[in-house]
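First the structure, in the form of structure tokens, and then the observations on it.
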Amino acid sequence: MTSNEIQLIHPDTLSRGVPWSAVLGYGSVVLGWLILNRTAGQWLIQALPEWSPVNQILMIGAGIVLLFCLQISLQIFLQFSLGPFLLQRYRAHLKILWQPEMRRLPLLLILGSGVLSLGSQWFLTLEQIPAILFILGSYGLVGLWLQPHSWNRGLPIAIALSFILPFGVEFSTNLGFPARILTAEAVEQILHHLKIAALSSEDIIVLDTGIAHVELPCSGLKSLWIGSLFFLGATWVDRRRLGLRWLGMGAVTLGLLVLANIARVLSLVMVAEVLQQPEIADILHIPLGIIGFITVCGLSYGLLRGVPQITGEDQGSSVVLTPQRSLKLTDFKEYHRHRSSSYLDFLVLTACLLGLALFPAAPSFGSALPDLNALDWPANLQMETIPLSKTEQRFFGQNSGVLTEKQRFQFQDLSGSVLFVASSTCDRTMPQSCV
């Protein structure tokens, strides 16, 4: 047979000697992972129709890029479209890992995502966090069967894919308000050190809300989100190596985005309150955010260039199918050599996943909405129901499981209005709309 001929090997050559215990062992790991993340999977399926078209396009695009990165689509085509045979030799850059390996980074991603998902359900009650961790952990699970270089190459895209989950009002509400409080307190301290008659942090939040409107909470979370996607995309395009230096550059990027948001709010406060030019502050609100974001992205890209690139030496050693390299029976013997220890490792991993799945779930808050009419008010407190504003109707109308009511009150010499928000879960309250 000449060097230009393509050899075909019957799949029995590869599959002979692979018992059903292997299939059961590998399948048990996948099943244990799905059981552990059943809640996150259900949420993803239910939330998919509600995602915006932009998010859907981004998710599909990132998925295509990830498949291209991992070259899975080509492998599937070659293995399932050639009938009873496997192609022995094809594209030189395609690499196959014949035996799954318990590598440290994928295992850390799997178990770490599982533990953090359980913790987030108890302490954060944000449905998006377990979904993000489910996607990351699933990529770690896939990494057990992928060649290390290909898996590392696609890791930034997998992280970006998980972070493309809807980052709208529902998500930013719970984290956005604490972030705005921290930003306002930082601005207050800066004004205090500048010997300026400092506004309180509450006044700064009200000022920021008045400029940005309640449906666009300027907590800086969206800048952190888009900035993180930019950093991950630049990492993939420039083929930067993931490591401690890369993590450090990512942390610096997030810190710069936070500082840019603090500088934006400080500038708005200075213009609106110190210079008494609220109209100019309203005009500068969006341009300041854009300028700060672009500046940080430029600095982030410059910092990323200091991270070493992935070279050919990082690709590791595995069975490579090239026109100069033909599979031999010794390759298949190598595949079966450490099979017993591999099965044991998978059983241990399955036990860990099932153990996490048996961990007590976070308490449910039920499905019935609280009855606002059942609230007991003092006899000398006069309450009168008033309609919601258009902004409030639009803001709360985005969530079907929320009951909102606004009332005007009169208590001795004190009068005002109060907004009641009733929800069946604790992560539906939107406090920044009440400021």
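Numbering that gives the first Met the number 0 puts the sequence shown at residues 0 to 434. Cβ atoms here follow ideal geometry from the backbone N, Cα and C, with glycine treated the same way.
Residue j beta carbon less than 8 Å from that of residue i
{"i": "V420", "j": "V401", "result": "yes"}
{"i": "S222", "j": "F133", "result": "no"}
{"i": "G219", "j": "A280", "result": "no"}
{"i": "A39", "j": "A130", "result": "yes"}
{"i": "L108", "j": "L135", "result": "yes"}
{"i": "F408", "j": "V28", "result": "no"}
{"i": "L256", "j": "G226", "result": "yes"}
{"i": "V270", "j": "I195", "result": "no"}
{"i": "L154", "j": "L241", "result": "yes"}
{"i": "V268", "j": "V141", "result": "no"}
{"i": "T234", "j": "G31", "result": "no"}
{"i": "G113", "j": "L43", "result": "no"}
{"i": "L33", "j": "M101", "result": "no"}
{"i": "L253", "j": "F162", "result": "no"}
{"i": "F230", "j": "G247", "result": "no"}
{"i": "G139", "j": "P105", "result": "yes"}
{"i": "L287", "j": "S266", "result": "yes"}
Classification of residue i by the beta-carbon crowding that lies within 10 angstroms, buried from 16 upward
{"i": "E126", "result": "buried"}
{"i": "A157", "result": "buried"}
{"i": "R239", "result": "buried"}
{"i": "E278", "result": "exposed"}
{"i": "A183", "result": "buried"}
{"i": "V295", "result": "buried"}
{"i": "T310", "result": "exposed"}
{"i": "Q120", "result": "buried"}
{"i": "R393", "result": "exposed"}
{"i": "G410", "result": "Note on identity: in this sequence residue 410 is Phe, with Gly being the wrong assignment. Looking at its Cβ environment, which holds fewer than 16 other Cβ atoms inside 10 Å, F410 is exposed."}
{"i": "A359", "result": "In the sequence under discussion, the amino acid at residue 359 is Pro, which differs from the Ala named in the question. It is exposed - the Cβ of P359 has fewer than 16 other Cβ atoms within 10 Å."}
{"i": "W150", "result": "buried"}
{"i": "R152", "result": "buried"}
{"i": "P377", "result": "exposed"}
{"i": "L193", "result": "exposed"}
{"i": "T403", "result": "buried"}
{"i": "L190", "result": "buried"}
{"i": "I289", "result": "exposed"}
{"i": "L343", "result": "exposed"}
{"i": "L243", "result": "exposed"}
{"i": "P52", "result": "exposed"}
{"i": "I128", "result": "buried"}
{"i": "P386", "result": "exposed"}
{"i": "K389", "result": "exposed"}
Secondary structure of residue i, DSSP reduced to three states
{"i": "G415", "result": "strand"}
{"i": "K405", "result": "strand"}
{"i": "A233", "result": "helix"}
{"i": "Q127", "result": "helix"}
{"i": "E383", "result": "strand"}
{"i": "F133", "result": "helix"}
{"i": "L378", "result": "The residue asked about is misnamed: residue 378 is Ala in this sequence, not Leu. Reduced to three states, the DSSP call for A378 is coil."}
{"i": "Q78", "result": "Any reading at Q78 needs caution, since the residue's pLDDT is 49, under 50, leaving its predicted position unreliable; the model's value is listed next. Q78: helix per DSSP, three-state reduction."}
{"i": "V306", "result": "coil"}
{"i": "R179", "result": "helix"}
{"i": "R103", "result": "helix"}
{"i": "R238", "result": "coil"}
{"i": "L320", "result": "Summary for L320: the model assigns pLDDT 39, below 50, so the residue's position carries little reliability, and this model does not support an answer."}
{"i": "F358", "result": "coil"}
{"i": "D207", "result": "Because the pLDDT at D207 is just 48, under 50, the model does not fix this residue reliably, and the point stays unresolved."}
Validate contact between the region 300-311 and the region 261-273 using beta carbons, cut 8 Å, 3 pairs: no
So, do the region 347-358 and the region 376-388 have three or more beta carbon pairs nearer to each other than 8 Å? no
3-residue-minimum beta strand (DSSP E) runs that sit fully inside the region 244-286, ordered along the chain: none
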